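In the numbering used here, the protein residues as written are 1 to 248.
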C-alpha cells in the first residue's frame with residue numbers, strides 16, 4: 001500500500017530536506033525512523049526540496065509498505081522516534097499511483113522579516129531594520145505574475161529541464177514590526193524565493209526601481225537580480241493536492 005505522511009520541521013539543524021552524503025537531512029531522519037518503527041527498509045519521496053536551514057510548516061511525502069497503518073497510533077509512535085524538530089501530523093493511505101512530488105498542484109512559501117530586534121524570533125525570522133517601501137515592493141510583486149521564465153532567480157548550474165513556473169500570487173503584508181512575503185506557484189526553482197525576496201528588498205530600499213524588475217526577468221541573468229536573503233526566514237507553508245482537502 002502507498003501512504004502519505006503530513007509533517008512539519010524546523011530546518012535549523014538540517015542540510016535541507018533531501019538526503020545527501022555526510023550531512024544531516026530531514027529525509028534521512030524520517031527514513032531511519034520509519035525503518036526502525038516498521039522493521040523494514042523504507043524510502044520516502046518528498047513533495048519537493050528545501051535548502052539548508054529552510055523550514056516547512058506543511059510538507060508531504062509518500063512511501064510504501066504492506067502493513068496496515070490506518071490509525072493515529074502510528075503517527076504518535078513515529079513522533080516518538082523523531083527529534084523535536086520534526087513533527088508528524090498524520091499518516092494516511094492514498095491511491096497506489098499517488099505521488100507526493102508530481103501530483104502537487106501548487107506550493108506556497110512565506111518569508112518572515114522583523115524590523116525591530118527580537119531575541120525570541122531570531123532563529124525563524126530575518127532581522128532587517130532599514131526602512132522599506134512596502135507599497136513599491138507590492139507593486140513589483142504583481143509584475144511576477146506577468147512572467148513564466150524565472151531563470152534570473154534560479155541558482156546557477158542547476159539541473160532542471162525548464163525555468164518556467166506559474167506564479168499565482170505574490171504579495172507583502174505587515175503587522176507591526178513583522179513583514180511577511182507570500183508566494184504561490186506550481187513549482188519553484190532552487191533559491192528562487194530567496195532571490196525574489198532579495199530583489200524586492202532592493203526595490204523597497206530604493207536601490208532598484210519597480211520597472212527594473214521587467215528588465216531583470218527578461219535578462220535571464222542571475223547576476224542582474226538581487227541578493228539571496230538568509231534561509232532561516234523561509235517557510236514552506238502549504239502543498240496542495242487535488243485529493244487532499246484538509247490542511248494537515
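By construction, the Cβ of each residue, glycine as well, lies at the ideal position given by its N, Cα and C atoms. Remember, predicted model here, so these are calculated numbers, not experimental data.
Going by alpha carbons, who is nearest to residue 41 out of 48, 66 and 124?
Of the candidates 48, 66 and 124, the one whose C-alpha sits nearest the C-alpha of residue 41 is 66.
Would you check if the stretch 212 to 226 and the stretch 137 to 151 touch, i.e. whether three or more CB-CB distances between them fall below 8 Å?
In short, these stretches touch, since the Cβ pair count reaches three.
Looking at the structure shown, is residue 27 part of a helix, part of a strand, or coil, going by DSSP?
Helix at residue 27.
I'd like to check one pair, residue 127 with residue 115: are the Cβ atoms closer than 9 Å?
It is a contact, given that the beta carbons lie within the stated cut-off.
Closer than 9 Å, CB to CB, is residue 102 near chain B or not?
The structure shown contains no chain B, having only a single protein chain.
Distance check for residue 180 and residue 174, CA to CA, integer angstroms please.
Each residue's alpha carbon lies about 6 Å from the other.
Would you call residue 102 buried or exposed, if buried means 16 or more other Cβ atoms sit within 10 Å of its Cβ?
Under this definition residue 102 is an exposed residue.
When the distance is taken between beta carbons, is residue 7 closer than 9 Å to residue 60?
In contact: residue 60 and residue 7 (Cβ atoms closer than 9 Å).
Assuming residue 128 is part of the alpha helix (DSSP H), what are its boundary residues?
It is not in any alpha helix (DSSP H) - residue 128 carries neither H nor E in the DSSP assignment.
Between the C-alpha atoms of residue 35 and residue 142, what's the straight-line distance to the nearest angstrom?
One C-alpha to the other measures close to 45 Å.
Which same chain residues, not among the five before or five after residue 248, have their C-beta less than 6 Å away from its C-beta?
Summary for residue 248: the model assigns pLDDT 48, below 50, so the residue's position carries little reliability, and this model does not support an answer.
Could you check where the beta strand (DSSP E) with residue 171 kicks off and where it finishes?
Residues 167 to 175.
What residue ranges within the stretch 168 to 221 form continuous alpha helix (DSSP H) runs of no fewer than 4 residues, ordered along the chain?
Whole alpha helix (DSSP H) segments, 4+ residues: 192 to 204 and 212 to 219.
Looking only at its chain, what residues have a beta carbon closer than 8 Å to the beta carbon of residue 130, apart from the 5 residues adjacent to it on each side?
Closer than 8 Å at Cβ, skipping near neighbours: 205.
Can you say whether residue 14 is buried or exposed, counting buried as having 16 or more other CB atoms within 10 angstroms of its CB?
Per the 10 Å Cβ criterion, buried.
Would you mind listing the alpha helix (DSSP H) stretches within the stretch 97 to 159 that are 4+ residues and don't spill past its ends, in chain order?
Within the stretch 97 to 159, the complete alpha helix (DSSP H) runs of at least 4 residues are 134 to 144.
Roughly how many angstroms lie between the CA atoms of residue 197 and residue 163, to the nearest whole one?
If I take the Cα positions, the gap works out to 18 Å.
Run through the DSSP bridge pairs and tell me what residue 89 is partnered with.
Its beta-bridge partners do not exist; DSSP assigns none.
Check residue 57 in the structure and name its three-state DSSP category.
Of the three classes helix, strand and coil, the one that applies to residue 57 here is strand, per DSSP.
State buried or exposed for residue 156, treating a residue as buried only when at least 16 other CB atoms are found within 10 Å of its CB.
Burial call: exposed.
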